[in-house]
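Protein sequence lines, in the order shown, are assigned to chains R and D.
According to the UniProt record's numbering, the first sequence holds residues 1 to 212 in order.
According to the UniProt record's numbering, the second sequence holds residues 1 to 212 in order.
2 protein chains.
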Amino acid sequence: MPKNVDIKRAKILEVAKKRFAHFGMAKTTMAEIAKDLSFSKALLYYYFPDKNSLYMAVLEYVINEMINKVDAFVAKASNLEKAILFAIESRMELMRENYNLFEYSSSLFMQDPAELGKSLGPFFDRIRDQFSRILSIGVKNGEIVVDDLDETAELLLFSLMGMRTGILSKDLNNCLFPTPDEFELILAKQKKMISIFLRGLKPNVPMPQDVS
Amino acid sequence: MPKNVDIKRAKILEVAKKRFAHFGMAKTTMAEIAKDLSFSKALLYYYFPDKNSLYMAVLEYVINEMINKVDAFVAKASNLEKAILFAIESRMELMRENYNLFEYSSSLFMQDPAELGKSLGPFFDRIRDQFSRILSIGVKNGEIVVDDLDETAELLLFSLMGMRTGILSKDLNNCLFPTPDEFELILAKQKKMISIFLRGLKPNVPMPQDVS
DNA sequence: TGCTGACTAATTCTTTTAAAAATTCAAAAA
DNA sequence: TTTTTGAATTTTTAAAAGAATTAGTCAGCA
Chain R
1 MPKNVDIKRA
11 KILEVAKKRF
21 AHFGMAKTTM
31 AEIAKDLSFS
41 KALLYYYFPD
51 KNSLYMAVLE
61 YVINEMINKV
71 DAFVAKASNL
81 EKAILFAIES
91 RMELMRENYN
101 LFEYSSSLFM
111 QDPAELGKSL
121 GPFFDRIRDQ
131 FSRILSIGVK
141 NGEIVVDDLD
151 ETAELLLFSL
161 MGMRTGILSK
171 DLNNCLFPTP
181 DEFELILAKQ
191 KKMISIFLRG
201 LKPNVPMPQD
211 VS
Chain D
1 MPKNVDIKRA
11 KILEVAKKRF
21 AHFGMAKTTM
31 AEIAKDLSFS
41 KALLYYYFPD
51 KNSLYMAVLE
61 YVINEMINKV
71 DAFVAKASNL
81 EKAILFAIES
91 RMELMRENYN
101 LFEYSSSLFM
111 QDPAELGKSL
121 GPFFDRIRDQ
131 FSRILSIGVK
141 NGEIVVDDLD
151 ETAELLLFSL
161 MGMRTGILSK
171 DLNNCLFPTP
181 DEFELILAKQ
191 KKMISIFLRG
201 LKPNVPMPQD
211 VS
């Protein structure tokens, strides 16, 4: 039985999420959120110390949902590649649905990486850890061989990030954030990337008779 | 025998390169370049239509050097991985030595990706084509198997870019451009990335007896 | 403890202005 | 005709000031 306080906190998070996801952090005022809820502005500050904390709380809330969903799937997944694919599709869905929620992070990121990096770092770590967990399943299965699990997970995550920045840097339109159709393209590239990451380019099966 | 005009052009490029590489595009004025050369400012405009063209010409000049150097090495390289390693080390060296030359591109990039993207696109393509060429050597050797060469080259390039942005996004200090010691870290990650890209994580040699 | 309205402080958004830098041009020099 | 320049002109940038919006605080009510 959640306490009354928690319910109200959740309500605020829900409304703030909608606003942030739709208009972004910069274009959402505390006054608007309060109005949506028919609360007073001051009440928001009773539950959250400042706007940034609220934003971070929303971020955490949303990312938690995603991580849990993926964990649930992974728990009963037999095939490694399917698990990874599910993870990146979920991640993509998260971004698509929350569009401007992340746009703020990336734009703020350029101005003052230190401040945001400190706050965003843990989120990155959690996602990397999830990849690490997923990979470890493949190791147990004997599907893959990995020496340093965390490092490899980071490598995988970085390479997938590269697909996004790569696509976006070729996009002459908006650069901050993908358009809906670019999401598809990025996802497609990421899938190919994963395939190579797992299998590599070297031929697994050497020719029975080498002609040379 | 290069014409007098070409010699003067080259002189301007050389001096501009030094300035741009050292102080960056924004902090270099046409007046300064002219002064370095003991030319009049107006003469620069006789050889280059505007500052941006000069900058782009310098960029092309520098990138050409790098591409040619790598091509020369690749031509007589036997091993695919060595060729790729040489390529990324050269690329890293290029960035290290020309530091602020590229910093401008990346910072401008955020403001107006369209304009710069149009100009920078061809450079990207040329580097990707070089990777494509390098990969094709491995294909001929039978070292690797690739269905779509260009696409795979792009994938490789994107994933390597991911190492950079990945490292930089964790760096809380400056985000625009790597510090000298970060270059090493990025390069190290990229090397690991290449190894995985070529070999994959899946075990090449299945166990002779599977216990299951 | 949970909540509010009114208050203060910080931030962002113009507008203005001055300086610096890019770019042009008529004309001299070669 | 081609190359070069000094001086004039236009654009950009930078700083300052002021207004307006928004974040954040606080004393007090229920």
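Note that beta-carbon positions come from the ideal geometry of N, C-alpha and C, so glycine has one too.
**OP:** Express the C-alpha separation of D/M30 and D/D6 in angstroms, rounding to a whole number.
**Re:** 19 Å
Original post:
Of the choices R/G162, R/L157, R/L155, R/L156, whose alpha-carbon is the least far from that of D/F158?
Top reply: Answer by Cα proximity: R/G162.
Original post:
For D/K202 and chain R, any beta-carbon pair shorter than 8 Å?
Top reply: yes
**OP:** Find the residues of chain R that neighbour D/I144, judging by a C-beta separation of less than 9 Å, and give them in chain order.
**Re:** G200, L201, K202, P203
Original post:
With C-beta atoms as the reference, is D/L120 less than 8 Å away from D/V58?
Top reply: no
Original post:
Looking at the structure shown, is R/A16 part of a helix, part of a strand, or coil, going by DSSP?
Top reply: helix
**OP:** Starting from D/K17, find everything on chain R with Cβ-Cβ shorter than 9 Å and list it in chain order.
**Re:** The contacting residues do not exist; D/K17 stays about 24 Å from chain R at best.
**OP:** At 4 residues or longer, and completely inside the region 37–110 of chain D: list those alpha helix (DSSP H) runs for me, N to C.
**Re:** 41–47, 51–75
Original post:
Taking C-beta to C-beta, are R/K191 and R/I167 nearer than 8 Å?
Top reply: no
Original post:
Where D/A153 and D/L135 are concerned, what is the direct C-alpha to C-alpha distance, given to the nearest angstrom?
Top reply: Using only the alpha carbons, I get a separation of about 7 Å.
**OP:** Put R/K118 into one of helix, strand or coil per three-state DSSP.
**Re:** helix
Subject >> Where the alpha helix (DSSP H) containing R/T152 begins and where it ends >> reply: 149–170
**OP:** With 8 Å as the threshold, decide whether the Cβ of R/I7 is near any Cβ in chain D.
**Re:** no
Original post:
Under a three-way DSSP split, which group does R/E143 fall into?
Top reply: coil
Subject >> chain D contacts from the UniProt domain "HTH tetR-type" (6–66) of chain R (Cβ-Cβ distance under 8 Å) >> reply: So the list is empty, because no residue satisfies the distance condition.
**OP:** Go ahead and pull the three-state DSSP assignment for D/G24.
**Re:** coil
Subject >> Host alpha helix (DSSP H) of R/F197 (start-end) >> reply: 180–199
Subject >> Proximal residues of chain D, C-beta to C-beta of R/F123 below 8 Å >> reply: Going along chain D, no residue has its Cβ under 8 Å from R/F123, so there is no contact; the nearest lies around 11 Å.
Original post:
Would you say the region 128–146 of chain D touches the region 46–57 of chain D, given that touching needs at least three Cβ pairs under 8 Å?
Top reply: With a cut-off of 8 Å, the region 46–57 of chain D and the region 128–146 of chain D do not count as touching, because too few Cβ pairs lie within range.
Original post:
Anyone know if the C-beta pair for D/T28 and D/F39 falls short of 8 Å?
Top reply: No.
**OP:** Find out if the Cβ-Cβ distance for the pair R/F86, R/F102 is shorter than 8 Å.
**Re:** no
**OP:** Return helix, strand or coil for residue 213 of chain D, following the three-state DSSP convention.
**Re:** Residue 213 of chain D lies beyond the residue range present for chain D, which begins at 1 and ends at 212; the question has no answer from this structure.
**OP:** Let me know if R/L156 comes out buried or exposed under the rule of 16 or more other beta-carbons within 10 Å of its beta-carbon.
**Re:** buried
**OP:** Could you check if D/L43 is buried or exposed, using at least 16 other CB atoms within 10 Å of its CB as the buried criterion?
**Re:** Under a 10 Å Cβ-count criterion, D/L43 is classified as exposed, with fewer than 16 other Cβ atoms of the shown protein chains found around its own Cβ.
Original post:
Relative to the alpha-carbon of D/K17, which residue among D/A34, D/V62, D/P122, D/Y47 has its alpha-carbon at the smallest distance?
Top reply: D/V62
Subject >> Same chain only: Cβ atoms within 6 Å of R/M66, ignoring 5 sequence neighbours per side >> reply: S90, L94
Original post:
Of all the options R/R128, R/N98, R/K118, which has the alpha carbon lying nearest to the alpha carbon of R/D71?
Top reply: R/R128
Original post:
Where does D/N141 land, buried or exposed, given buried means 16+ other C-beta within 10 angstroms?
Top reply: With fewer than 16 Cβ atoms within 10 Å of its Cβ, D/N141 is classed as exposed.
Subject >> Per-residue DSSP class, three states only, for D/K202 >> reply: coil
Original post:
Based on Cα-Cα distance, which residue from D/L149, D/V146, D/M193 lies nearest to D/R164?
Top reply: D/M193
**OP:** Note down, in chain order, every chain D residue with its Cβ under 7 Å from the Cβ of R/S159.
**Re:** S159, G162, M193
**OP:** Give a yes or no on whether 8 Å exceeds the smallest Cβ distance from R/L187 to chain D.
**Re:** no
Original post:
Relative to the alpha-carbon of R/A26, which residue among R/I186, R/N100, R/D125 has its alpha-carbon at the smallest distance?
Top reply: Minimum Cα distance to R/A26 is reached at R/N100.
**OP:** Could you tell me the distance, in whole angstroms, from the CA atom of D/V15 to the CA atom of D/F48?
**Re:** Each residue's Cα considered, the two are about 14 Å apart.
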